[in-house]
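*Asks:*
4 protein chains.
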Amino acid sequence: MHAIGVDIGGTKIAAGVVDDEGRILASVRRETDADDVAGIDAAVADAVNELAADHEVGAVGLAAAGFVSPDRTAVNFAPNIAWREYPLAEKVGALVRADVPIVVENDANAAGWAEFRYGAGREATDMLMLTVGTGLGGAVVVGGNLVRGKWGAAAEVGHMRVVPGGHYCGCGHEGCWEQYASGSALVRDGQASVVAQPARAARLLELAGGVPGDLQGPQITEAAQGGDALAIELLANLGRWIGEGSASVAALLDPEVIVIGGGVGAAGDLLLRPARAAFAEQLSALGHRPEARIELAEHGNEAGIVGAADLARQ
Amino acid sequence: MHAIGVDIGGTKIAAGVVDDEGRILASVRRETDADDVAGIDAAVADAVNELAADHEVGAVGLAAAGFVSPDRTAVNFAPNIAWREYPLAEKVGALVRADVPIVVENDANAAGWAEFRYGAGREATDMLMLTVGTGLGGAVVVGGNLVRGKWGAAAEVGHMRVVPGGHYCGCGHEGCWEQYASGSALVRDGQASVVAQPARAARLLELAGGVPGDLQGPQITEAAQGGDALAIELLANLGRWIGEGSASVAALLDPEVIVIGGGVGAAGDLLLRPARAAFAEQLSALGHRPEARIELAEHGNEAGIVGAADLARQ
Amino acid sequence: MHAIGVDIGGTKIAAGVVDDEGRILASVRRETDADDVAGIDAAVADAVNELAADHEVGAVGLAAAGFVSPDRTAVNFAPNIAWREYPLAEKVGALVRADVPIVVENDANAAGWAEFRYGAGREATDMLMLTVGTGLGGAVVVGGNLVRGKWGAAAEVGHMRVVPGGHYCGCGHEGCWEQYASGSALVRDGQASVVAQPARAARLLELAGGVPGDLQGPQITEAAQGGDALAIELLANLGRWIGEGSASVAALLDPEVIVIGGGVGAAGDLLLRPARAAFAEQLSALGHRPEARIELAEHGNEAGIVGAADLARQ
Amino acid sequence: MHAIGVDIGGTKIAAGVVDDEGRILASVRRETDADDVAGIDAAVADAVNELAADHEVGAVGLAAAGFVSPDRTAVNFAPNIAWREYPLAEKVGALVRADVPIVVENDANAAGWAEFRYGAGREATDMLMLTVGTGLGGAVVVGGNLVRGKWGAAAEVGHMRVVPGGHYCGCGHEGCWEQYASGSALVRDGQASVVAQPARAARLLELAGGVPGDLQGPQITEAAQGGDALAIELLANLGRWIGEGSASVAALLDPEVIVIGGGVGAAGDLLLRPARAAFAEQLSALGHRPEARIELAEHGNEAGIVGAADLARQ
């Protein structure tokens, strides 16, 4: 059965028709305003109607950045869109002409599900997905099922605590994993190294145009790929935190594969090798089970569309 | 359907017939020798045969302390019994007269399942069980299903890392949760406090007969219940680590209830109150979901029998 | 012998004549511009000349916020004034009419020395001074002598590391004591608690006018003095870090008294009691020596003048 | 002036005549019994009398492992000898024929002083000595003076806390530096790595004769010198903790040189290089002062004799 997936961001939406193999057959985009929730409803419905006019679809999945109600109909809270206990499926459904079920999913869960079904996790039954971007998001699959939790708030991996008394997080707590395993952490550490170790940071400072505060993650990756020792160390440190935190999750869930998504994946082996080494070093019950694989995600930005569509038709 | 559950320990086994309400209708015990695996097979089969002679049963569940194969037939490794890749279900099955399926489960999983089905978690769909004994064991239920992991090694909660560079664990790693949230940790902290703060530890030292190394967990609980400030602090510290670690698990799994089993539960509110406070303080997404309840387990030592029996007949 | 002390800040200087009992007999102030170092020289000299016209003085001490050269003549670096390897004593000396020695001291050292000679440390030979303000500064006295270090950079107490992987510091490192034991840390923790524990933070939020980012340290003290549980906890946490870090210093230096200066002292026992308890709990060799006293500083803003004057005439 | 130094251990004493250049001109040894304090007095006096018969000496210094009274006459407490508030100088003095002053010093202080006067610190005014043996001891020199502290308990460097919630120490506290920067820590980490990473630990296990618990520090050094990656990592980790902790001390005291004594010095650059790198990475105010040198001690077991003699004649 074909299905439509819609990825709803703060300023734009992307929708696509997804076939049984996870391929996007057609897609459309719309610009939106994060404060105009009715406008978002209309734009989503419009995109769905346009796609459904040309394709026979059996379900619609909406990927939303926020806490989704356990019955998958509403967004209880979203950090970047003005949804509060908002019955999104019902609102959009009222504007969609086709008579198909509409399901809401958390966007990180949708993206993780795309990897599980059609990407780096497709041969696994138990998977941890980590999306290492500005923050650290993720998705968890156990025994072939997506873990949503009792109240739809599962897979907030970035807020597991890894350092008591550690860096503050926007969530108000200290030592969240996100503060050590994210693009923001990489940039923060890079900027700090310019202050603490100016001699070693010459190349980074140069790439940042001489302004430590302008240093960006891709510049660190570029420097590392060019052989800069400090940049390599910064990426290795990020990889180490990914691997060590994953070992804690593995103690709890014993996954078969850990999939790393997000922009930092561009660093490739400079990130993966230390991540795998740290994971192996920290894994409990080593020797009594194989080590989970740590792999890069295969899908990019379209993962939300694919995963939302597939979850809707399950 | 009635089923038999068998809890296989290092020096004794306990078996019982369990009805659909989780009640034990009849039970037997056998002494065993941890190094004599054939003798254990025979004792288990003998107990099953005895119970099956008087009761009609549809399945047999064996609860074993060790890593159980994902197909639930073998014990891959056990710390205290000489099982190595041992096909326990087949071995016992060859000696059991009744023609019923025999299933092997990890003992902590079995005990957790008993709480989920017939105890403190019976109204939940998502549960974390923590067994706070000498070590820290546990079980995880997600969406009504027991989480075993890809290789049967899930729910090793005690080996999630909570303090980088923290106390060494018998597993060879530093900072495992078990080193902060277990009866052993309580005793270790109590004994250390006698050295570091002799004036405050007078009551504890008295209960230990004047020998710091003889201090036991129940003595700390006794002192706390009698109002001793240091003992109350020690239990509060244990509770705090239970609560803080649980908040990390909740970030990942969003459970409805966290069930605390094991001997330290005797401390009651002296343990639960600080555990709940710490959990609430550390929980991410507070305000976007209800707080999981933290409750004491309702079953005692017989939980393994009940859970193994019930898992076998599922 | 009377001496003149001058406390040179970024935007103003304060100078005074100090007698042998540490009393200020006369004082003057001048406004300055942090970027105009020659102007600062002139203002300092002018203040000295004015005071010296009416008082017989034997020495002049200049307290400067920065790294002072070991020979006490120059400021090697200052964070807030444009001094770089600046021969301050010589520059000022050229403009001072009286023929007296001019000595430069770090301002925190000068303030600590005032406490040692005429304040909370006056009966001690070994003292640790902690100035808990926006940051965490200090001074160290060993065997009656101020500790300046080989290169004049001693007593940077705020940059001892207390948490590996902890909060970033402006110095580019993680986990500096200053990030846990300062007014800034108190405010940061208070603001975070409003996010993480909104229900408990109602009173703090009210005092901050409803804007978490506007919460100030004195408001936390006010709330605590009014009985607010969260505010009391925040101050206790600050006190705990002061006490625990001090215990590490005491392991190294075995001081007789630890003097707490800076604005947070206004919290009085709400800060001191947890500081003392944490110090006693963490102190090594307890029982083999008395515990150092932890006391509030007795001098306020004029400590720099008094200490600089007294150090100059030693 | 020549002086006699006596190093008093639990089971033997070593005494020597020390000249003005720190050379030992003659030496004697005696065996003793740690529980027989009168016997120790007699043995010490006997050794002193023997040496003084042939050499003109002006003072006698006794190096004792324990807390020494600030007036340098008594041992207040010793962990390995039955001294409790014991007036050692008076007791020994009553048995010594020569009429010379007798002074008691802590043994680590005496050894550190020998390095300061005649060893790796001889050109410095401010020195931190770290003796990395079974534990972590040390000595501190500030402005040319040995730091004894108010109650003679200074320089207990091993009990500065470096990891909150870290490894327990025999002193009853958690996270003491000694638990990370000592030979015992090296051995503990090595033994743990055999459990956690058996594949990488093959060489270490071989050197330990197949018994993880038999692994010794010198075997780790041997393996590292032979190129074993895990052993190199273990020593680098030890070096890192030495360097990072030293950076905290340097924030407080700004020493010119940090001298590393004790058995692990045999690892040479395998230890020093990571120690120096970590020190530079963690040092505050980098760029505003030179980096302290980190050097190996030049004296061996005789440092206590030399330092005690020299301190006695000062």
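Heads up: the protein sequence lines correspond to chains A, B, C and D, in order.
Using the numbering used here, you'd call the opening residue of the first sequence number -12 and step up by one each time.
Using the numbering used here, you'd call the opening residue of the second sequence number -12 and step up by one each time.
Using the numbering used here, you'd call the opening residue of the third sequence number -12 and step up by one each time.
Using the numbering used here, you'd call the opening residue of the fourth sequence number -12 and step up by one each time.
Cβ atoms here follow ideal geometry from the backbone N, Cα and C, with glycine treated the same way.
Name the one or two DSSP bridge partners that Y73/A has.
*Replies:* V62/A
*Asks:* Shorter than 8 Å from the beta carbon of L273/B to some beta carbon of chain C?
*Replies:* yes
*Asks:* Please report the distance separating the alpha-carbon of D256/A from that of A267/D.
*Replies:* 28 Å
*Asks:* Helix, strand or coil, according to DSSP, for R276/D in the structure here?
*Replies:* coil
*Asks:* Within 10 angstroms of the Cβ of V198/B, are there 16 or more other Cβ atoms? Answer buried if so, exposed if not.
*Replies:* Taking every protein chain shown into account, the CB of V198/B has fewer than 16 other CB atoms within 10 angstroms, so this residue is exposed.
*Asks:* Which residues in the same chain have their Cβ closer than 7 Å to the Cβ of A188/D, if we skip the five residues on either side of it in sequence?
*Replies:* S180, V181, L217
*Asks:* Of all Cβ atoms in chain F, is any one closer than 8 Å to the Cβ of Q166/B?
*Replies:* Among the chains of the structure shown, chain F does not appear; the protein chains present are A, B, C and D.
*Asks:* Put L283/B into one of helix, strand or coil per three-state DSSP.
*Replies:* strand
*Asks:* Suppose the cutoff is 6 Å on Cβ atoms and the five residues either side in sequence are ignored; what does the same chain contact list for I27/A look like?
*Replies:* T19
*Asks:* Per the DSSP calculation, L(-6)/C is bridged to which residue(s)?
*Replies:* Here the sequence assigns Asp to residue -6/C, which means Leu is not the residue at that position. Answer by DSSP bridge pairing, in chain order: A1/C, A50/C.
*Asks:* Any C-beta of chain B within less than 8 Å: which residues of the region 181 to 192 of chain C qualify?
*Replies:* A183, Q184, P185
*Asks:* Considering L239/D, what are the terminal residues of the alpha helix (DSSP H) in which it resides?
*Replies:* Start and end: 216 to 240.
*Asks:* Could you list which residues in chain A have their beta carbon closer than 8 Å to that of L12/B, in chain order?
*Replies:* Going along chain A, no residue has its Cβ under 8 Å from L12/B, so there is no contact; the nearest lies around 31 Å.
*Asks:* If you compare alpha carbons, which of G232/D, L283/D, A76/D is closest to V50/D?
*Replies:* The sequence given here has Ala at residue 50/D, not Val. With distances taken between Cα atoms, A50/D lies closest to A76/D.
*Asks:* Does the distance from the C-beta atom of V150/D to that of P151/C stay below 8 Å?
*Replies:* yes
*Asks:* I want to verify the contact list: residues of chain B whose CB lies under 8 Å from the CB of C158/D, in sequence order.
*Replies:* Within 8 Å Cβ-Cβ: V182, A183.
*Asks:* My understanding is that E209/B touches V244/B, with C-beta atoms under 8 Å, so please give their C-beta distance in whole angstroms.
*Replies:* The C-beta separation of E209/B from V244/B comes to about 29 Å, leaving the pair out of contact by the 8 Å criterion.
*Asks:* Taking the alpha carbon of I292/C as the reference point, which residue from V(-7)/C, H(-11)/C, M(-12)/C has its own alpha carbon closest?
*Replies:* V(-7)/C
*Asks:* Pull up the distance between the alpha-carbon of R300/B and that of R260/B, whole angstroms please.
*Replies:* 37 Å
*Asks:* Give a yes or no on whether the C-beta atoms belonging to G248/A and A98/A are separated by under 8 Å.
*Replies:* The beta carbons of G248/A and A98/A sit closer together than 8 Å.
*Asks:* Beta-carbon within less than 6 Å of G287/C's beta-carbon, same chain only, minus the 5 sequence neighbours each way: which residues are those?
*Replies:* none
*Asks:* Is the Cβ-Cβ distance between G53/B and A295/B less than 8 Å?
*Replies:* no
*Asks:* Near A142/C, what residues of its chain come up, given a Cβ to Cβ distance below 7 Å and the 5 sequence neighbours on each side ignored?
*Replies:* A95, N96, G125, A126, V127, V134
*Asks:* Got a sec, what are the start and stop residues for the alpha helix (DSSP H) A30/B sits in?
*Replies:* 24 to 41 is the extent of the alpha helix (DSSP H) around A30/B.
*Asks:* For the beta strand (DSSP E) that contains G125/D, what are its first and last residues?
*Replies:* 123 to 129
*Asks:* Verify the CB distance criterion: does T112/D have a CB-CB separation below 8 Å to chain C?
*Replies:* T112/D counts as touching chain C.
*Asks:* Strictly by DSSP, which residues pair up with A13/A?
*Replies:* DSSP, once it has assigned bridges, lists V4/A as partnering A13/A.
*Asks:* Using a cut-off of 7 Å between C-beta atoms, extract the partners of G152/A located in chain D.
*Replies:* P151
*Asks:* Measuring only between beta-carbons, confirm whether F103/B sits less than 8 Å from chain A.
*Replies:* no
*Asks:* Rounded to whole angstroms, what is the Cα-Cα separation between G232/D and D241/A?
*Replies:* 37 Å
*Asks:* Report the three-state DSSP secondary structure of R263/B (helix, strand or coil).
*Replies:* helix
*Asks:* From this set, E43/C, I68/C, K78/C, which residue's C-alpha is nearest T60/C's C-alpha?
*Replies:* K78/C
*Asks:* I'd like the list of long-range same chain contacts for N67/B, defined as Cβ closer than 7 Å, with 5 residues on each side in sequence excluded.
*Replies:* G(-3), A21, A52
*Asks:* Give a yes or no on whether 8 Å exceeds the smallest Cβ distance from A265/B to chain A.
*Replies:* Taking Cβ atoms only, chain A never reaches closer than 8 Å to A265/B, which makes this a no.
*Asks:* Helix or strand or just coil, what does DSSP make of E289/D?
*Replies:* coil
*Asks:* Give the DSSP-derived three-state secondary structure of Y105/A in the structure shown.
*Replies:* helix
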